[in-house]
Amino acid sequence: MIRNFRFLSLVVLLVFASGIYAVPPPRGIDPLEAKRKARIDKIKREKARRDSINCYLRERKKISDGGTTCIYKCPSVKGRVESNSIGPGFSCPTMMNVLRRE
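Spelled out as structure tokens, the structure:
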């Protein structure tokens with residue numbers, strides 16, 4: 014009787030000690046890797062936001078092909094003027110986001 018109990022307890026111990034009941038690795042991306050990637054993406058977005066400025070429409074000029082040249086002034090950078098040509102049938106956007114150039 015004690016022999017059967019020892020054998021049974023040994024079998025139970027070996028079954029639970031084996032890797033059969035081990036927790037599988039998480040599926041998909043590693044949580045630490047996901048946090049690192051999210052932090053890098055946030056830094057990239059913040060840098061892009063800091064490097065861009067908003068310019069506002071000041072003047073529209075008609076050009077010979079029927080399109081329009083839109084002239085923008087940027088209040089955050091004194092004296093900066095940007096222009097953009099728009100094809101016929103389109104109107105000038107009231108605001109244009111441009112990258113900061115030093």
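So the sequence shown is numbered by the numbering used here: it starts at 14 and just counts up by one.
Note that beta-carbon positions come from the ideal geometry of N, C-alpha and C, so glycine has one too.
Is residue j closer than 8 Å to residue i when the C-beta atoms are compared?
i	j	result
Cys-83	Arg-73	yes
Asn-67	Asn-97	no
Gly-69	Lys-91	Here residue 69 turns out to be Tyr, not Gly, going by the sequence shown. No, the Cβ-Cβ distance between Tyr-69 and Lys-91 is not below 8 Å.
Asp-64	Leu-112	yes
Between the Cα of residue i and those of the options, spot the shortest distance and give me the residue it belongs to.
i	options	result
Gly-102	Met-108, Val-90, Leu-21 and Gly-79	Gly-79
Ile-99	Arg-113, Ser-89 and Thr-81	Thr-81
Pro-106	Ser-89, Pro-88 and Arg-71	Arg-71
Would DSSP call residue i helix, strand or coil?
i	result
Ser-104	coil
Ile-42	coil
Val-36	coil
The beta strand (DSSP E) with residue i in it runs from where to where?
i	result
Lys-74	65-75
Ser-89	Note, Ser-89: premise wrong, no beta strand (DSSP E); not H, not E.
Note down the Cα distance separating residue i from residue j, rounded to an integer number of angstroms.
i	j	result
Ala-61	Lys-50	17 Å
Ser-77	Ser-104	16 Å
Ile-42	Arg-52	15 Å
Lys-75	Leu-45	55 Å
Ile-56	Val-36	34 Å
Arg-40	Ala-47	12 Å
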